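The sequence shown lines up with residues 10 to 567 when you count with my numbering. Have a look at the structure below before the remarks.
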Amino acid sequence: MIKVLLVSQRAEKINQYTELFSKLRYDFVAMSDENMIFDYLTASDCELVIIDTLSDRINIQSLVKKIKPLQDKFSIVLLTDSTYGNKDILKNATSIIDDNMNEDLVSGIIAMNVRMRGNLEKLSATNRDLADSNYRLNALYATSSQFAGSLDKEKLITYMLEGMDKALSYSLTSTLSFCTEDEPVLIINSLYELSPELIDAIKLRTVLQYKSLFEGRDLPYEVDIDTLKVKKTVKYPASRFNFTLFQFDNMFSPIALGDNFFGCIEIFKKTPFTTENATCFQTIAQQVSLPLKSATLYQELKDTNEKLKKLERLKSEFISIVSHELKTPLTSIQNAVSIMQSGKCGEITPEYDKFLTMAKRNSQKLYRIINDLLDLSKIEAGKLDYHFEDININSVIECVKSTTVLTKDKVHNLLTEEAQNLPLVKADSQRLEQILTNLVSNAVKFTPEGKSITIKSELVDAGDITCPEVFEPVVSGLNGKYVMISVADEGIGISKDNLLHVFDKFAQIENSLSRNVGGSGLGLPIAKQLIEAHNGAIWCDSEPNKGSVFSFVVPAED
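Here you go:
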């Protein structure tokens with residue numbers, strides 16, 4: 010019911026308005042004592058105050074000054090006549106009723122003020138709601154920004170709790186976390202201090218609620234209440250909560266994303282939560298789940314990378330140690346075979362010479378494999394030495410061409426097409442010889458007898474280089490002039506699906522011929538890494554049964 014206060018000493022006006030407001034069914038009261046008026050307005054939810062300025066025994070100015078701090082609660086209407094001119098009083102009024110105004114006009118003015126007051130209260134409530142919503146949205150935005158900027162799971166949980174405190178002003182939160190430490194931990198953030206008994210009660214409540222989420226299913230994590238670790242933060246330790254905490258309004262939510270479960274959180278607040286509060290709470294609890302999953306995957310990736318690095322380091326160390334250990338006895342075997350072939354240990358029959366030659370050839374093959382392993386180990390460890398100098402690439406071709414061991418077991422036509430007046434390149438000649446030797450050796454292994462192998466040198470511009478689509482990323486970063494070496498064969502070729510894998514370690518493309526030729530599968534990956542150390546690129550173009558062309562480029566000197 011609408012409450013109206015009339016401030017007046019005039020009996021005839023009090024009687025007139027008592028009768029009027031009775032008809033209007035308003036809760037009406039008349040007063041003239043300043044202190045009683047102030048107490049009444051403080052204690053009640055009066056909506057309209059009518060002040061009779063013609064009551065000469067009431068200090069209207071003093072009264073208005075006294076009730077002014079309360080004026081947000083009600084509207085003031087002045088009952089006066091045309092002679093009244095106190096501007097300080099008039100500016101505090103929303104309407105004026107003339108003392109001689111008829112009853113219908115008075116009723117209309119009163120009704121208008123009541124409606125206006127109601128509309129103002131609705132507008133004020135709407136503004137408060139908008140301000141609260143805006144504040145919560147800002148808190149959500151700030152919290153989301155913090156989530157997006159971190160992959161630290163402990164920080165993410167902290168950001169979640171800080172965001173809820175800003176948006177909801179909680180009394181206490183209990184968060185059971187399975188992602189911030191190696192063991193389950195109960196994180197309690199409280200306004201006031203908690204007794205050990207109350208902490209035990211919160212532990213029990215949290216664990217029971219956690220287990221209720223998985224009723225009839227296996228728990229993702231086992232929790233022992235007796236040993237559950239508690240991390241407590243208290244904002245105002247001078248005060249203390251008691252068990253009435255459990256009578257506060259509360260909300261509970263899991264912190265999960267799909268099958269990924271990170272924990273659960275319960276929040277307590279002395280005043281009731283609104284629907285918007287609940288939405289905000291659920292939003293923050295859900296928002297933190299995605300970065301927690303990302304942080305978990307990131308940590309797993311880091312751990313896996315560390316394990317891989319350790320394994321790679323152990324593998325390199327193992328290869329290096331084993332290779333060195335193999336080299337020593339192999340050198341002794343080679344020396345022994347050479348001495349026996351020289352005849353210093355007695356007469357060598359044709360049959361003996363056949364087997365000694367076989368032993369020497371295979372020991373040399375094993376020696377090359379061991380060298381490949383050692384080179385690869387040094388390259389991956391960044392310990393391979395380079396001696397860069399200005400060289401002519403054709404001198405490298407001539408050196409490789411004169412190495413007869415490449416074609417000793419098979420008869421091939423080894424041809425060269427060397428461009429003249431090529432610019433010098435800044436390179437390690439020994440490593441370029443190693444690259445080209447590996448390419449020619451590879452061509453020899455996969456090319457039938459009687460077929461040709463051609464080594465070609467030329468000057469090219471990076472923009473004119475053509476290669477299969479799978480190797481376009483390899484050459485896309487090249488810029489300027491390059492000296493290019495190509496090794497073309499008439500061998501078995503490589504299918505399109507296998508083309509990109511020819512430079513993988515220990516890879517040999519499967520077919521009947523490749524299984525027969527053997528090898529370590531390290532020549533091409535070593536060549537690739539050596540070329541990359543020269544700021545160059547290497548690729549292959551091939552078709553099955555039509556041969557292959559392996560090409561590499563090295564930057565030309567200006």
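Cβ atoms here follow ideal geometry from the backbone N, Cα and C, with glycine treated the same way. Note that the coordinates shown come from a computational prediction; the quantities given were computed from them, not determined experimentally.
1) Would you be able to state if there are at least three C-beta pairs under 8 Å between the segment 288 to 298 and the segment 307 to 314?
2) If you drop the 5 nearest sequence neighbours on each side, which residues of the same chain put their C-beta closer than 6 Å to that of Leu-14?
3) Going by alpha carbons, who is nearest to Ala-481 out of Ile-547, Ile-118, Lys-316?
4) Using the beta-carbon count (16 or more within 10 Å), is Asn-122 buried or exposed?
5) Would the beta-carbon of Tyr-35 fall within 8 Å of that of Ile-60?
6) Bridge partners of Thr-89, per DSSP?
7) Under DSSP, the alpha helix (DSSP H) around Cys-289 begins and ends at which residues?
8) Quick one: which unbroken beta strand (DSSP E) runs of 3-plus residues sit fully inside the segment 391 to 473? Chain order, please.
9) In or out: Asp-191 buried (at least 16 other Cβ within 10 Å) or exposed?
10) Touch check for the segment 266 to 281 and the segment 202 to 219: three-plus C-beta pairs under 8 Å?
11) Looking only at DSSP bridge pairs, what is Ala-546 linked to?
12) Which residues does DSSP list as the beta-bridge partners of Met-493?
13) Going by the CB atoms, is the gap between Leu-431 and Lys-5 shorter than 8 Å?
14) To which residues of the same chain is Leu-335 closer than 6 Å at the C-beta, ignoring the five residues directly before and after it?
15) Would you decide whether Phe-252 is buried or exposed? Buried here means 16 or more other CB atoms lie within 10 Å of its CB.
16) Ignore the nearest five residues each way along the sequence and tell me which others in Leu-533's own chain have a CB closer than 6 Å to its CB.
17) Select from Arg-124, Thr-92, Thr-103 the residue whose C-alpha is nearest the C-alpha of Asn-109.
18) Can you give me the C-alpha to C-alpha distance between Ala-148 and Ser-142, rounded to a whole angstrom?
19) According to DSSP, what are the bridge partners of Thr-184?
20) Let me make sure I understand the geometry here. Which of Asn-401, Tyr-49, Asn-128, Ser-204 has the alpha-carbon closest to that of Ser-466?
21) On the criterion of 16 or more Cβ atoms from any shown chain inside 10 Å, does Ser-154 qualify as buried, or is it exposed?
22) Could you check what DSSP says for Ala-102 in three-state terms: helix, strand or coil?
23) Using the C-alpha atoms, what's the distance from Ala-120 back to Val-73?
24) In chain order, which continuous runs of the alpha helix (DSSP H) of length 4 or greater are located wholly inside the segment 36 to 70?
25) Taking only three categories from DSSP, how would you classify Ser-159?
26) If you pair each beta-carbon of the segment 162 to 171 with each one of the segment 206 to 213, do three or more pairs fall below 8 Å?
27) Would you mind working out which of Met-173, Glu-224, Tyr-179, Leu-382 sits nearest Gln-291, comparing C-alpha positions?
28) Would Ser-551 and Ser-557 qualify as a contact pair, given that the criterion is a beta-carbon distance under 8 Å?
29) Check whether the Cβ atoms of Glu-112 and Ser-71 lie closer than 8 Å to each other.
30) According to DSSP, is Ile-11 part of a helix, a strand, or is it coil?
31) Which residues in the same chain as Ser-325 place their Cβ atom closer than 8 Å to its Cβ, once the five residues preceding and following it in sequence are excluded?
32) Between which two residues does the alpha helix (DSSP H) carrying Ile-208 extend?
33) Does chain C have any CB closer than 8 Å to the CB of Phe-559?
34) Between which two residues does the alpha helix (DSSP H) containing Pro-281 stretch?
35) Check whether the Cβ atoms of Leu-200 and Lys-240 sit closer than 8 Å, and answer yes or no.
36) I'd like to check one pair, Ser-450 with Leu-382: are the Cβ atoms closer than 8 Å?
The short version:
1) no
2) In its chain, beyond the 5 residues on either side, Val-38, Cys-55, Val-58 have a beta carbon closer than 6 Å to the beta carbon of Leu-14.
3) Residue identity check: residue 481 is Glu in the sequence provided, not Ala. With distances taken between Cα atoms, Glu-481 lies closest to Ile-547.
4) buried
5) no
6) Asp-107
7) 284 to 296
8) 398 to 400, 422 to 427, 434 to 436, 461 to 470
9) exposed
10) yes
11) Val-562
12) Glu-467, Val-562
13) This structure does not reach residue 5, given that the chain is present from 10 up to 567, and the question cannot be answered.
14) Ile-379
15) exposed
16) Val-511, Phe-512
17) Thr-92
18) 10 Å
19) Ile-196, Ile-274
20) Taking only the C-alpha atoms, the option nearest Ser-466 is Asn-401.
21) exposed
22) coil
23) Approximately 22 Å, taken between the alpha carbons.
24) 43 to 52
25) DSSP places Ser-159 in the coil class of the three-state scheme, outside both helix and strand.
26) no
27) Met-173
28) yes
29) no
30) coil
31) Ser-386, Glu-389, Ala-390
32) 205 to 221
33) Reference to chain C is not applicable here, since this structure consists of a single protein chain.
34) Segment: none, Pro-281 is in no alpha helix (DSSP H) and carries neither H nor E.
35) no
36) no
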